[in-house]
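Under the working numbering, think of the first position of the sequence shown as 23, with each following residue one higher.
Where is the CB? At the ideal position from N, CA and C, for every residue including glycine.
Working notes, structure below.
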Amino acid sequence: PPILVRRDQGYVGVMIDDLVTRELTEPYRLLTSRAEYRLLLRQDNADLRLTPLGHEVGLVARERYEAVEEKRQAITGELDRLKKNYINQSGHSVSALGFLRRPDASYQTLVSLGFGSPGLKIDAAEQVEIEAKYAGYIEKQRVEVTRMARLEARHIPKGFDYDGITGLRYEARQKLKRHQPATLGQTSRIDGVTPADVAILMVHLERGWK
Numbered sequence: 023p024p025i026l027v028r029r030d031q032g033y034v035g036v037m038i039d040d041l042v043t044r045e046l047t048e049p050y051r052l053l054t055s056r057a058e059y060r061l062l063l064r065q066d067n068a069d070l071r072l073t074p075l076g077h078e079v080g081l082v083a084r085e086r087y088e089a090v091e092e093k094r095q096a097i098t099g100e101l102d103r104l105k106k107n108y109i110n111q112s113g114h115s116v117s118a119l120g121f122l123r124r125p126d127a128s129y130q131t132l133v134s135l136g137f138g139s140p141g142l143k144i145d146a147a148e149q150v151e152i153e154a155k156y157a158g159y160i161e162k163q164r165v166e167v168t169r170m171a172r173l174e175a176r177h178i179p180k181g182f183d184y185d186g187i188t189g190l191r192y193e194a195r196q197k198l199k200r201h202q203p204a205t206l207g208q209t210s211r212i213d214g215v216t217p218a219d220v221a222i223l224m225v226h227l228e229r230g231w232k
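In structure tokens, the structure reads:
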């Protein structure tokens, strides 16, 4: 079966999706700026993102997969633990996770204060620190990924009649007929198709689904 790498899973997914949904007038260059989820597509978390997919299609050995999942659990467990432990400084109490979010704090700072886990592996500790310091930005992108996943789950029938949709702009209709997107998610990424066009198409499709 074909391997599908989503835009939030890897840059190859960004490239393939761009080539399918966007009109290219010059040679394609894969730049980080093309990825809307680039905070999630970091080199330091490539193993966490792609190992499960590799294992699913038989490209990653079970031992490697289990090691990565153990690392994932260690990161999640440590983040939860830091949320529940509090540090008192100058009469103020802050969670260890909140303390780690300070610009001048590192995970090693927590270890030296007795609030870190000395046995946590370096790469896992690095992930804990990144997740803490960029939590707001990362969570915002994860919410957007979830929203887009819902659109990707809305499939458009092959040969769909876009001419029969009232309210759809002429440019959007022509682009949709030319590209023939398979999902609403792909539709939203076609140049010349606005969020309003996607909303109109969604309403029309939902009538058919019902």
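- Contact annotation, residue 223 with residue 173: C-beta distance approximately 10 Å; criterion of less than 8 Å not satisfied.
- Fully enclosed alpha helix (DSSP H) runs of no fewer than 4 residues occupy 129-135, 144-155, 157-174, 192-201 of the region 122-203, in order along the chain.
- When rounded, the separation of the alpha-carbon atoms in residue 139 and residue 218 is 50 Å.
- Between residue 209 and residue 23, the alpha-carbon positions lie close to 24 Å from each other.
- Taking the Cα of residue 122 as reference, the smallest distance to any Cα among 107, 151, 111, 103 is reached at 151.
- Between the region 112-131 and the region 148-163 there are three or more inter-stretch CB-CB distances shorter than 8 Å, so the stretches are counted as touching.
- Excluding its 5 nearest sequence neighbours in each direction, residue 205 has C-beta neighbours in its own chain below 8 Å: 173, 174, 175, 176, 177, 178, listed in chain order.
- Residue 71 and residue 85 have their C-alpha atoms spaced approximately 17 Å apart.
- It is roughly 38 Å from the alpha-carbon of residue 44 to the alpha-carbon of residue 89.
- Cα atoms of residue 116 and residue 135: separation of roughly 14 Å, rounded to the nearest angstrom.
- Taking C-beta atoms as the reference points, residue 31 and residue 61 fail to come closer than 8 Å.
- Contact between residue 40 and residue 56 holds, since their C-beta atoms are separated by about 6 Å, short of 8 Å.
- Taking 8 Å as the cut-off, the Cβ atoms of residue 127 and residue 97 do not count as close.
- Comparing C-alpha distances from residue 226 to each of 183, 94, 212 shows the shortest one belongs to 183.
- Between the C-alpha atoms of residue 185 and residue 221 there is a straight-line separation of about 16 Å.
- Contact between residue 193 and residue 214 holds, since their C-beta atoms are separated by about 5 Å, short of 8 Å.
- Its Cα nearest to that of residue 161, the residue 59 stands out among 59, 36, 105, 196.
- For residue 210, there is no enclosing beta strand (DSSP E); the residue is found in the alpha helix (DSSP H) stretching over 206-210.
- In the same chain as residue 171, and ignoring 5 residues on each side of it, no C-beta atom comes closer than 7 Å to its own.
- In the three-state DSSP reduction, residue 55 falls in the helix class (H, G or I).
- Looking at 77, 102, 144, the one whose alpha-carbon comes closest to that of residue 66 is 144.
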